[in-house]
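Participant:
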Amino acid sequence: RNKDNFSIRGTARLTQNTNTYSENTEQNLSYLNQSYKIGTRLDAIKSWSFASDLDVRHYSEQNFSPAETIPIWTASISKYFLEGDKGEFKVSAYDLLNQNQSINRVSNANYVQNESINTLGRYLMASFLYSFSSTSGEAGGGATKKIMRMH
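Under this note's numbering, the residues of the sequence shown are numbered -3 to 147, in order.
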């Protein structure tokens, strides 16, 4: 387990899609999909960890029905126990804003299709993880293996 007190990470992904046709240029199509993620983790209290992640996906409106922005917020709290913090009990909340959906866009010479698919929404999950590593990730140690059970 990382003993740093606070960490933050972020990523951005831009995907440009372009279809061009030499015979009928009116059917040319171009759109940009964007995804931004930011995550934080706080280990300020001994044997406790708090984490939060926000994933925002934006689908442009060019040649499709209105633009869509989908924020997915996930948070968790973990309690470490057993010798060497080998045991972890974790409670995670997924899609706290209840906005999760899948967007599928397809275009070809004959049609343009935009699918919005409902997916699993907000839920809680409790899990237990155990590390079999005897070195707790120290230099020279073996691989870390965890078992997770969800109920």
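For each residue, glycine too, the CB sits at the ideal point set by N, CA and C.
As the structure is a prediction and not an experimental result, all values here were calculated from the model.
For Arg53, which residues does DSSP report across the bridge?
Facilitator: Looking at the DSSP assignment, Arg53 forms a beta bridge with Ser31 and Ile66.
Participant: Does DSSP classify Glu19 as helix, strand or coil?
Facilitator: Note: Glu19 maps to coil in three-state DSSP.
Participant: Between the alpha carbons of Tyr103 and Ile68, how many angstroms are there, rounded?
Facilitator: Note that residue 103 corresponds to Ser in the displayed sequence, not to Tyr. Near 26 Å, if we compare the C-alpha coordinates of Ile68 and Ser103.
Participant: For the pair the region 48 to 59 and the region 26 to 34, tell me if three or more CB-CB distances fall below 8 Å.
Facilitator: Result yes; three or more Cβ-Cβ pairs closer than 8 Å.
Participant: Please state the DSSP three-state secondary structure of Gly6.
Facilitator: Looking at Gly6 - three-state DSSP - the assignment turns out to be strand.
Participant: How far does the beta strand (DSSP E) with Leu116 in it extend, from its first residue to its last?
Facilitator: Per DSSP, Leu116 belongs to no beta strand (DSSP E) and is neither H nor E.
Participant: So is Tyr55 buried or exposed if we call it buried at 16+ other beta carbons inside 10 Å?
Facilitator: Buried.
Participant: Taking only the alpha-carbon atoms, compute the straight-line gap between Phe85 and Arg5 and give it to the nearest angstrom.
Facilitator: Each residue's alpha carbon lies about 23 Å from the other.
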